[in-house]
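Peer 1:
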Amino acid sequence: MLKVRQQTSIKPKLSQTLRSWLPLLQASSEDLEEEINNLVKDNPCVKLSSPKESKSTKTTKQVKQLYSKGGGLIEELNIAKKSLYDDLELQINKTLFPTLKSQNIAKIIISCLDEFGYFVYDEELCKNYSKEDIEKVRKRFCYLEPLGVGAINYQEALEFCLLNTNIENELFSLCIKLINNLDNLNKFTKNPLYKDAIKIIKSFNLPPFVDDFEDSLEIIPDIYILTNNNELEIIINDEYYPKIEISEDSELKEQMKNARNLVDALEMRKATLKKLALMIVEYQYDYFFGGAIKPLKMQDIASELDRNTSTISRAIANKYISSNRGTIAIKEFFTTDLNDGTSNKTIKDFVSELIKNENHEKPLSDQIILEKIEKEFNVKIVRRTITKYRKLLNIPSSSERKKLYSLR
């Protein structure tokens with residue numbers, strides 16, 4: 103196991119540089135060039151060359167070689183595609199889509215979603231299945247996130263969202279009526295529940311992809327942690343670091359100083375990410391060889407690296423690690439220790455497994471799941487935590503699951 107016990111004290115000059123150029127540490131690789139441009143736009147001593155002008159770099163070649171040796175996927179190399187469509191495919195589980203046929207249809211439906219998250223029937227993609235089969239599967243999308251995805255229009259998306267609320271029957275019925283009469287709401291204004299119903303309908307965030315589509319186009323790994331002869335090798339992705347040229351000018355001393363500080367700050371950024379990666383490898387070593395993520399607090403890393411927790415928080419913000427296990431946000435490596443080494447991720451995995459194997463006639467309630475967790479892991483948590491984990495896993499409530507099971 104890799105042990106990291108390095109002297110992490112930084113020279114005062116670089117510490118000052120880090121404070122002065124903290125935005126560079128916080129920026130993701132994707133935003134780094136823009137952030138640097140903002141910092142040097144008025145500095146005549148700095149000339150930047152966009153990293154996009156270089157088609158192949160040493161980093162690219164290194165990563166290609168290591169992925170080939172380690173059996174990883176080459177397509178993880180530069181930009182790990184992670185779109186809303188990918189997120190939806192992860193939700194195609196056996197609870198909602200129990201048969202291989204329903205899973206295949208669900209994936210086709212995802213392929214037919216437009217840029218707003220609505221379903222647009224494509225004869226070529228859907229040719230192997232009847233419209234009846236497709237509709238039966240599509241209706242189950244009402245339980246996927248983002249809410250409303252897979253609906254054919256705004257009106258149906260509202261209905262999908264409504265199905266995920268816990269409002270009483272009378273109010274629910276009124277909401278349905280309003281949704282079906284959006285062009286003629288005036289005739290319902292005298293209903294005592296009208297204002298409540300309108301408030302509920304307005305709370306739904308539609309179209310489904312309205313917030314996430316643009317942000318989900320691509321993810322650029324900041325760090326590669328790859329297997330090389332059963333050892334782990336860390337490579338900082340500097341593909342997106344622009345080349346900086348400094349023009350010497352004795353009359354522009356302040357600008358020259360700022361230019362050199364920029365170079366120092368970029369080196370500090372790489373050094374901080376490298377040290378962070380080393381610590382993650384030490385604490386989460388087993389993960390990179392197929393194990394689970396262990397409990398880890400940000401304070402643990404901050405103490406080891408002699409940094410403030412806020413600095414570590416900035417360092418990991420919007421940053422990703424690519425390994426032979428795929429691309430993952432660095433923040434995912436920091437999980438809560440619930441009890442004696444049990445992380446909240448372990449609890450989530452346990453919840454997922456419980457529901458996967460539950461009795462379809464009597465689906466497990468959140469309270470029963472809580473009791474099983476407390477018995478299995480000897481932890482004390484509240485029921486709303488189980489509800490939160492279940493929702494994060496995109497698992498419907500026990501009553502909703504019972505309805506879904508009955509559809510089979």
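Take the sequence shown: its letters are residues 103 to 510, numbered as in this note's numbering.
For each residue, glycine too, the CB sits at the ideal point set by N, CA and C.
Note that the coordinates shown come from a computational prediction; the quantities given were computed from them, not determined experimentally.
Let me know the secondary structure DSSP gives I449 once reduced to three states.
Peer 2: In the structure shown, I449 sits in a helix (DSSP, three-state: H, G or I).
Peer 1: To the nearest angstrom, how far is it from the Cα of R427 to the Cα of K399?
Peer 2: Taking the straight line from one Cα to the other gives about 22 Å.
Peer 1: What is the rounded straight-line gap between the Cα of K464 and the Cα of E247?
Peer 2: K464 and E247: Cα-Cα distance of roughly 25 Å.
Peer 1: Restricting to runs no shorter than 4 residues, where is the alpha helix (DSSP H) found entirely within the region 230-263?
Peer 2: DSSP runs (the alpha helix (DSSP H)) wholly in the region 230-263: 233-240.
Peer 1: By alpha-carbon positions, which one of K149, A299, V383 ends up nearest to P344?
Peer 2: Nearest of K149, A299, V383 to P344, Cα basis: K149.
Peer 1: Comparing C-alpha positions only, which one of Q128, E137, D133, V142 sits nearest to N360?
Peer 2: Measuring from the Cα of N360, the nearest candidate turns out to be V142.
Peer 1: Quick one: Cα of K229 to Cα of V222, how far?
Peer 2: Distance between the alpha carbons of K229 and V222: 14 Å.
Peer 1: The alpha helix (DSSP H) with L494 in it runs from where to where?
Peer 2: Start and end: 485-494.
Peer 1: Measure from the alpha carbon of Q401 to the alpha carbon of each residue in S415, G392, G393, F391, then state which is nearest.
Peer 2: Cα-wise, what sits closest to Q401 is S415.
Peer 1: With DSSP as the reference, label I176 as helix, strand or coil.
Peer 2: Its pLDDT being 34, under 50, I176 is placed unreliably in this model, and the coordinates cannot settle the point.
Peer 1: Between which two residues does the beta strand (DSSP E) containing K345 stretch?
Peer 2: Unbroken beta strand (DSSP E) run through K345: 345-348.
Peer 1: Out of L190, P200, Q386, F218, which has the shortest C-alpha to C-alpha gap to I210?
Peer 2: Among L190, P200, Q386, F218, the Cα nearest to that of I210 belongs to L190.
Peer 1: Which residues does DSSP list as the beta-bridge partners of A404?
Peer 2: In DSSP, A404 forms no bridge with anything.
Peer 1: Hey, is the region 446-463 in contact with the region 491-503, meaning 3+ C-beta pairs nearer than 8 Å?
Peer 2: Yes: the two stretches touch, three or more of their Cβ pairs being nearer than 8 Å.
Peer 1: When you compare only the Cα positions, how much space is there between L334 and V383?
Peer 2: Looking at the two C-alpha atoms, the distance is approximately 8 Å.
Peer 1: Would S425 be called buried (16 or more neighbouring beta carbons within 10 Å of its own) or exposed?
Peer 2: Counting Cβ neighbours within 10 Å, S425 comes out buried, since at least 16 surround it.
Peer 1: I'd like the span of the beta strand (DSSP E) that includes A431, first residue to last.
Peer 2: That run of the beta strand (DSSP E) goes 428-431.
Peer 1: Can you give me the start and stop residues for the alpha helix (DSSP H) that K301 sits inside?
Peer 2: Residues 296-305.
Peer 1: Distance check for K477 and Q469, CA to CA, integer angstroms please.
Peer 2: Spanning the two alpha carbons is a distance of roughly 12 Å.
Peer 1: Around the C-beta of R503, are 16 or more other C-beta atoms found within 10 angstroms, so that it is buried, or is it exposed?
Peer 2: By the 10 Å Cβ count, R503 comes out buried.
Peer 1: Need the endpoints of the alpha helix (DSSP H) that V142 sits in, please.
Peer 2: Note, V142: alpha helix (DSSP H), 131-142.
Peer 1: Would you mind sorting N410 into buried or exposed? The rule is 16 or more other CB atoms within 10 Å of its CB.
Peer 2: Exposed: under 16 other Cβ atoms inside 10 Å.
Peer 1: In the structure shown, what three-state DSSP assignment does Y326 receive?
Peer 2: Correct three-state label for Y326: strand.
Peer 1: Using DSSP's beta-bridge definition, name the partner residues of S425.
Peer 2: I327, G428, per the DSSP bridge assignment.
Peer 1: Judging by CA-CA distance, which residue of V484, I475, I302 is the nearest neighbour of N270?
Peer 2: The residue you asked about is not Asn; residue 270 is Glu in the sequence shown. Here the closest residue by C-alpha is I302.
Peer 1: Figure out for me which residue from F390, N195, C277 has the closest Cα to the Cα of R242.
Peer 2: Closest option to R242, Cα to Cα, is N195.
Peer 1: Note down, in chain order, each residue of its chain lying with its Cβ closer than 7 Å to the Cβ of N496, except the 5 sequence neighbours on either side.
Peer 2: So the list reads Q193, L246, E247, once near-sequence residues are dropped.
Peer 1: Between K376 and the rest of its own chain, which residues show a CB-CB distance below 7 Å, the 5 nearest in sequence each way excluded?
Peer 2: Answer for K376: I336, I338, listed in chain order.
Peer 1: Please tell me whether F68 and G219 are closer than 9 Å, where the distance is taken between their beta carbons.
Peer 2: Residue 68 lies beyond the range of the chain shown here (103 to 510); nothing can be said about it.
Peer 1: Exposed or buried, Q257, counting other C-beta atoms within 10 Å across all chains shown (16 or more means buried)?
Peer 2: It is exposed - the Cβ of Q257 has fewer than 16 other Cβ atoms within 10 Å.
Peer 1: Using the Cα positions of S131 and R485, report the straight-line distance between them to the nearest angstrom.
Peer 2: For S131 and R485, the distance between alpha carbons rounds to 39 Å.
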